[in-house]
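K.L.:
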Amino acid sequence: MIRLKVNRRSNVLLYAEMIIALLFFVISFAVIIRVFASADSLERRSRQRQSAALCAQSIAEAYSVGGDVQKAVSLALGADLRDFTGSAEIGLDSGFYPADSSDVILRLDEQKQDTAAGVYSELAVEFFDNSGDDEELIYSLKCGAYVPGGGAVG
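And the structure:
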């Protein structure tokens with residue numbers, strides 16, 4: 569019968585090598601998970617910016633035709649602004665539809681300047697992300713509308 573001598577030192581080295589390999593895979597797994605989590609966050613923010621830009625441009629185009637904020641917001645979002653007095657906030661859900669739960673906040677601020685030939689109105693459209701602790705600006709756009717009011721002054 570042959571007896572094999574087992575070297576304890578080689579067993580310890582084998583276990584140490586296995587632990588190092590295991591740590592390498594655990595650290596690699598953590599890095600990969602972190603990369604995918606940050607990619608998901610970037611994709612969500614990109615989708616938000618794209619939706620905000622489309623909504624803001626729709627509001628701006630409708631506003632530039634006649635200078636009516638209520639009509640522009642109604643056409644673009646379907647929201648009702650009956651009591652608009654120069655500035656307003658509208659709560660939107662994550663799909664950019666008017667809702668009570670405000671994941672996104674739309675702020676509108678209108679400035680009007682009377683001239684001898686008509687009224688020039690400027691509208692600031694701003695979208696804010698309200699899902700975190702602080703409001704973060706997603707997209708901002710300014711547009712204008714000129715409504716003639718009486719012709720040339722002579």
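Quick note on numbering: the sequence shown equals residues 569 to 722 in the working numbering. Using N, Cα and C, we set each Cβ at its ideal position, and we do this for glycine too. Note that the coordinates shown come from a computational prediction; the quantities given were computed from them, not determined experimentally.
Using the rule of at least 16 other Cβ atoms within 10 Å of the residue's Cβ for burial, across every protein chain shown, is Asp697 buried or exposed?
P.N.:
For the purposes of this step, residue 697 is identified with residue 129 of the sequence shown, where counting begins at 1. Under this definition Asp697 is a buried residue.
K.L.:
When you compare only the Cα positions, how much space is there between Gly686 and Lys710?
P.N.:
Counting from 1 along the sequence shown, the entry for residue 686 is found at position 118. Counting from 1 along the sequence shown, the entry for residue 710 is found at position 142. Distance between the alpha carbons of Gly686 and Lys710: 20 angstroms.
K.L.:
Quick one: does the C-beta of Leu676 sit closer than 7 angstroms to a heavy atom of the ligand PLP?
P.N.:
No copy of the ligand PLP appears in this structure; indeed no ligand is present at all.
K.L.:
Kindly indicate which residue of Ser708, Asp702, Leu691 has the alpha-carbon position closest to the one of Gly634.
P.N.:
By one-based count along the sequence shown, residue 634 stands at place 66. Among Ser708, Asp702, Leu691, the Cα nearest to that of Gly634 is on Leu691.
K.L.:
Would Val693 and Ala628 be called neighbours here (beta carbons separated by less than 8 angstroms)?
P.N.:
One-based indexing of the sequence shown puts residue 693 at position 125. One-based indexing of the sequence shown puts residue 628 at position 60. Cβ atoms of Val693 and Ala628: closer than 8 angstroms.
K.L.:
Tell me where the beta strand (DSSP E) around Ala656 begins and ends.
P.N.:
The residue you call residue 656 lines up with position 88 of the sequence shown. From DSSP, the beta strand (DSSP E) with Ala656 extends over 655-660.
K.L.:
Would you list the one or two residues that DSSP bridges to Val714?
P.N.:
Position 146 of the sequence shown, counting from 1, holds the residue named residue 714. The displayed chain sequence assigns Tyr, not Val, to residue 714. Answer is Tyr688, bridged to Tyr714.
K.L.:
Return the first residue and the last residue of the beta strand (DSSP E) that Leu643 is part of.
P.N.:
Along the sequence shown, one-based indexing puts residue 643 at 75. Here Leu643 belongs to no beta strand (DSSP E); instead the alpha helix (DSSP H) covers 637-645.
K.L.:
Three-state secondary structure (DSSP) at Ile706?
P.N.:
Position 138 of the sequence shown, counted from the first residue, corresponds to residue 706. Here Ile706 sits in strand by DSSP.
K.L.:
Identify which residue in Ser689, Asp682, Gly646, Leu705 has its Cα closest to the Cα of Arg675.
P.N.:
As a working mapping, residue 675 is identified with position 107 in the sequence shown. Closest by alpha carbon: Leu705.
K.L.:
By DSSP, does Leu649 sit in helix, in strand, or in coil?
P.N.:
Indexing the sequence shown from 1 puts residue 649 at position 81. Of the three classes helix, strand and coil, the one that applies to Leu649 here is coil, per DSSP.
K.L.:
Leaving out the 5 sequence neighbours to the left and right, which residues in its chain are closer than 7 angstroms to Tyr631 when beta-carbon positions are compared?
P.N.:
The residue given as residue 631 occupies position 63 in the sequence shown. Within the same chain, Tyr631 has close Cβ partners Val637, Ala640, Leu691, Cys711, Ala713.
K.L.:
Starting from Asp682, trace the beta strand (DSSP E) in both directions and tell me its first and last residue.
P.N.:
Against the sequence shown, residue 682 aligns to sequence position 114. Element bounds for Asp682: 672-682.
K.L.:
Confirm, please, whether the CB-CB distance from Tyr707 to Ala607 is below 8 angstroms.
P.N.:
The residue you call residue 607 lines up with position 39 of the sequence shown. The residue you call residue 707 lines up with position 139 of the sequence shown. No.
K.L.:
According to DSSP, simplified to helix, strand and coil, what is Asp697?
P.N.:
In the sequence shown, residue 697 corresponds to position 129, counting from 1. If DSSP states are grouped into helix, strand and coil, Asp697 belongs with the strands.
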